Amino acid sequence: MSFQHILGHETQISFLREVMAKGKSAHAYIFSGPDGIGKKTVAIGFAMSYLCPNPASPGEGCGICHTCQRIQRGSHPDLLMVNPTGNTIKIQDIRETIVASSLRPLEGKGRVIIIDEADRLTEPAANALLKTLEEPHRRNVFVLITARPYRLPLTVVSRCQHLSFYPLSTVHLVRYLSEKAGCDPAQAEVIAHAAGGSVSRAIGLCKEEYLSFRAKLLDVMEKATEQKALFPLTLLRLFAQNDLDLEEKLDFLITFFRDILWIKETGTHQGVLNVDFLKIIKPWAERLSGPALVDNIRIVSQAKSALEENANKALTLDATLFRLSFP
3 MSFQHILGHE
13 TQISFLREVM
23 AKGKSAHAYI
33 FSGPDGIGKK
43 TVAIGFAMSY
53 LCPNPASPGE
63 GCGICHTCQR
73 IQRGSHPDLL
83 MVNPTGNTIK
93 IQDIRETIVA
103 SSLRPLEGKG
113 RVIIIDEADR
123 LTEPAANALL
133 KTLEEPHRRN
143 VFVLITARPY
153 RLPLTVVSRC
163 QHLSFYPLST
173 VHLVRYLSEK
183 AGCDPAQAEV
193 IAHAAGGSVS
203 RAIGLCKEEY
213 LSFRAKLLDV
223 MEKATEQKAL
233 FPLTLLRLFA
243 QNDLDLEEKL
253 DFLITFFRDI
263 LWIKETGTHQ
273 GVLNVDFLKI
283 IKPWAERLSG
293 PALVDNIRIV
303 SQAKSALEEN
313 ANKALTLDAT
323 LFRLSFP
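Our numbering puts the first residue of the sequence shown at 3, with every later residue one more than the last.
See below:
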């Protein structure tokens with residue numbers, strides 16, 4: 003979608019509009035920030051701004067012409083999209099992109115090359131890309147999207163202009179969920195907090211199966227102190243019964259333990275993500291120590307990293323839950 007229809011990121015969009023209006027776009031950008039907050043959407047809006055033959059205003063693609071519509075669908079010949087194959091972006095993917103970008107644009111004044119999850123570039127692929135960034139073609143603009151900029155080689159980072167993106171506000175998400183996703187206003191408030199500023203996560207949390215999972219999880223967690231040593235087994239059964247993606251469940255645990263730590267350290271519920279779990283967050287904060295909570299977050303984060311490396315899901319879940327500290 004064009005810049006004017008994008009939710010949030012006003013500062014970053016204003017900057018991109020200005021450089022486009024002045025014809026001073028950099029040859030390469032890094033868009034960094036948490037997953038699911040709209041970095042790729044802004045990159046698509048930038049491509050519209052760069053390639054649209056009839057801008058709605060300086061630095062703004064019209065969003066309705068044939069060019070903009072094909073950019074939106076990802077079918078414009080002068081928009082090149084590079085995505086990971088499996089867990090990595092391989093050198094062959096980059097070589098093919100470099101060859102394509104070296105040719106004359108088929109329709110527009112240049113090309114926009116969007117590399118999604120750029121931190122997954124293999125070392126040979128990153129080196130191949132570096133050579134192109136060192137000798138950029140004046141008609142081409144690269145946009146590297148990443149949630150983990152620290153994994154990018156410094157040589158690549160140094161040749162790009164870096165724009166940092168941040169989680170969307172709860173107000174923005176509530177409005178989006180109510181108006182665009184057809185979410186009940188009361189549920190939208192809960193989901194917007196739980197999503198942590200991520201549009202894609204908020205949409206996922208709107209699903210009935212996830213809302214049902216949260217309700218069952220709340221009921222189980224209220225009985226944690228009664229079950230004591232058996233609680234991890236009860237939690238394991240609930241996690242195993244549900245068809246939701248395991249990473250979504252682990253994301254919940256991370257935010258849940260983060261909320262407990264937040265309450266413990268600040269004494270305020272302002273800033274809590276899982277507001278529907280407040281009635282158990284407070285008593286858990288009284289029973290668990292700060293170091294135990296930090297350790298819990300570390301353990302679950304390690305499990306997420308292991309899953310990214312294709313670890314066995316059942317074994318990872320089992321090992322994780324039985325290492326955690328509970329009241």
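Ideal Cβ placement from N, Cα and C applies to all residues, glycine included. Remember, predicted model here, so these are calculated numbers, not experimental data.
For the pair K284 and Y152, the Cα-to-Cα distance works out to about 35 Å.
If only complete runs of 4 or more residues are kept, the segment 28-111 shows the alpha helix (DSSP H) at 41-53, 68-75, 93-104, in order along the chain. In the three-state DSSP reduction, L246 falls in the coil class, being neither helix nor strand. Non-local C-beta neighbours of W286 in its own chain, meaning closer than 7 Å and more than five positions away in sequence, comprise I262, P329, ordered along the chain. Counting the other CB atoms within 10 Å of its CB gives S4 a total of 16 or more, which places it among the buried residues. From the listed residues S327, N276, M83, I46, the smallest Cα separation to G65 is found for I46.
Around the Cβ of F48, a 10 Å sphere holds 16 or more other Cβ atoms; the residue is buried. With contacts defined by Cβ atoms closer than 8 Å, L156 and D121 do not form a contacting pair.
Rounded to the nearest angstrom, the gap between the Cα atoms of P126 and I96 is 9 Å. Between K42 and I205, the C-beta spacing is not below 8 Å. Inter-segment contact for the segment 19-34 and the segment 128-143 is present: three or more beta-carbon pairs are separated by less than 8 Å. Runs of alpha helix (DSSP H) with 4 or more residues, each lying fully within the segment 282-318, are found at 292-310, listed in chain order. Approximately 11 Å separates the beta-carbon atoms of F279 and F259; this is outside 8 Å, ruling out the contact.
Counting only residues of its own chain and dropping the five nearest sequence neighbours on each side, S180 has a CB closer than 6 Å to the CB of P187, A190.
By the neighbour-count definition (other C-beta atoms within 10 Å, threshold 16), D253 is a buried residue. DSSP links Q163 through a beta bridge to Y31.
For L132, the closest C-alpha among the options T236, C162, L237, M223 is that of C162. Within the model, the alpha-carbon separation for E98 versus D118 is close to 16 Å. Residue state for T148 is assigned as strand, using DSSP reduced to three classes.
Beta-bridge partners assigned by DSSP to I115: L82, F144. Residue pairing from DSSP leaves L323 without any beta-bridge partner.
Taking one beta carbon from each stretch, the segment 58-76 and the segment 235-244 have fewer than 3 pairs nearer than 8 Å; the two do not touch. When the alpha-carbon of G35 is set against those of Y52, Y168, P57, the nearest one is in Y168. At the C-beta level, Y52 and V114 come within 8 Å of one another.
Judged by beta-carbon spacing, L170 lies within the 8 Å limit of I39, meaning their Cβ atoms are closer than that value.
In the DSSP annotation of this structure, the continuous segment of the alpha helix (DSSP H) that includes H174 starts and ends at 172-181.
Between H68 and V44, the beta carbon gap of about 22 Å keeps them out of contact (Cβ cut-off 8 Å). Relative to H271, the option among H195, I301, K92, N298 whose CA is nearest is H195. When secondary structure is reduced to three states using DSSP, L154 falls in the coil class, being assigned neither helix nor strand. Its chain contains L175, R203, A204, L207 as the residues whose beta carbon lies nearer than 7 Å to that of A197, once the 5 sequence neighbours on both sides are disregarded; these appear in chain order. Assignment of L123 by DSSP, reduced to helix, strand and coil, places it in the strand class. Distances from the CA of V296 to each of S160, L255, R106, F241 were compared; the closest alpha carbon is that of L255.
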